[in-house]
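A.B. asks: Let me give you the structure first, and then I'll get to my questions.
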Amino acid sequence: CYAGPAGEQGARELCQHFKLKIAAHEVYAFQLDHAFDAIFELQPLVALDEFLLGAESESDDPIYGSSGMSRQSPLEKVDPDVLWSWADQDPKARYPLISRSLNVFAIKDLDEDNGLSPLFLEGLEKAPDRAEFLKSNVARMHPSGWSGNLSAILDRRREYLQALADHADQNVRTWVAEHIADLKQRADHERERESEREESFE
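Taking this note's numbering, the leading residue of the sequence shown gets 7, the next gets one more, and so forth.
Rendered as structure tokens:
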């Protein structure tokens with residue numbers, strides 16, 4: 007009932023209802039993963055307007071702010087042509103908003119990734135200010151959930167970032183170098199903790 011032009015108003019009201027429930031802490035965003043996926047797929051322009059515009063800071067972001075983080079971005083459900091056309095209406099403001107809600111890494115399973123997200127890479131190349139685009143995505147570098155050793159996941163993500171180490175844009179190279187170093191530091195710290203836990207079981 008939310009598909010097509012006839013469903014736009016109902017979809018908008020549903021988005022606003024979700025935002026009110028999340029703001030009141032009656033529900034967390036990750037509990038609405040399937041609903042977000044459906045509405046971004048059926049009414050992408052309505053969902054983009056309602057969920058991405060108007061969030062002044064990351065803590066205000068109804069999808070990825072303090073209200074709870076989904077593991078997989080619902081923006082992956084939007085046709086890329088539609089997504090970038092929406093962004094190009096106000097590129098300086100909207101590309102960073104999109105970046106904040108994108109996964110840097112392509113999600114293969116619930117807790118595994120298999121490279122850099124093609125949608126993230128496409129946005130990086132289209133963004134008018136790559137430094138702002140990347141700065142908005144810092145919170146998406148660390149997995150929100152995982153199984154197994156976190157150190158191995160962080161090591162793997164560090165290797166994926168190497169693909170951008172020789173990018174033509176200095177801002178990208180600087181961002182990559184900083185996050186490769188940060189991921190290495192975090193991975194080393196996690197390895198120590200994992201080793202301590204293993205020793206405690208012996």
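Idealized CB from N, CA, C, for every residue including glycine.
#1: Sorted by chain position, which residues of the same chain lie with C-beta nearer than 7 Å to G129's C-beta, five sequence neighbours on each side aside?
#2: Using the rule of at least 16 other Cβ atoms within 10 Å of the residue's Cβ for burial, across every protein chain shown, is A9 buried or exposed?
#3: Could you check where the alpha helix (DSSP H) with C7 kicks off and where it finishes?
#4: Which partner residues of D39 appear in the DSSP bridge assignment?
#5: Pull up the DSSP beta-bridge partners for D119, would you.
#6: So for A30, helix, strand or coil by DSSP?
#7: With a Cβ-Cβ cutoff of 8 Å, do P134 and P86 count as a contact?
#8: What three-state label does DSSP hand V88 in the structure shown?
#9: Could you check if A99 is buried or exposed, using at least 16 other CB atoms within 10 Å of its CB as the buried criterion?
#10: Alpha carbons only, please: which of D119, D55, P80 is nearest the one belonging to S91?
#11: Just the Cα atoms here: how many angstroms apart are Q49 and M147?
#12: In the structure shown, what three-state DSSP assignment does Q22 receive?
#13: Where do the N-terminal and C-terminal ends of the alpha helix (DSSP H) with L156 fall, by residue?
#14: Please return the same chain residues whose Cβ sits closer than 8 Å to the Cβ of N143, not counting the five positions on each side in sequence.
#15: Considering Cα atoms alone, identify which of K83, E82, Q22, K132 is closest to L59.
C.D. replies: So, from the listed chains and residues:
#1: The beta carbon of G129 sits closer than 7 Å to the beta carbons of Y101, I104, S105, L108, F139 from its chain, once the five residues preceding and following it are set aside; these are given in chain order.
#2: Residue environment: A9 is assigned as exposed (fewer than 16 neighbouring CB atoms within 10 Å of its CB, all protein chains considered).
#3: Annotation: C7 is outside any alpha helix (DSSP H) and is labelled neither H nor E by DSSP.
#4: The partner list for D39 (beta bridge, DSSP) is empty, contrary to what the question assumes.
#5: D119 pairs with I113.
#6: Three-state DSSP puts A30 in coil, outside helix and strand.
#7: Taking a C-beta distance under 8 Å as the contact criterion, P134 and P86 do not qualify as a contact pair.
#8: If DSSP states are grouped into helix, strand and coil, V88 belongs with the helices.
#9: Exposed, by the Cβ-count rule.
#10: The option with the nearest alpha carbon to S91 is D55.
#11: For Q49 and M147, the distance between alpha carbons rounds to 28 Å.
#12: Correct three-state label for Q22: helix.
#13: Residues 156-167.
#14: Scanning its chain for C-beta atoms nearer than 8 Å, with the 5 sequence neighbours on each side dropped, one finds around N143 the residues S105, R106, L108, V110, F126, in chain order.
#15: Taking the Cα of L59 as reference, the smallest distance to any Cα among K83, E82, Q22, K132 is reached at Q22.
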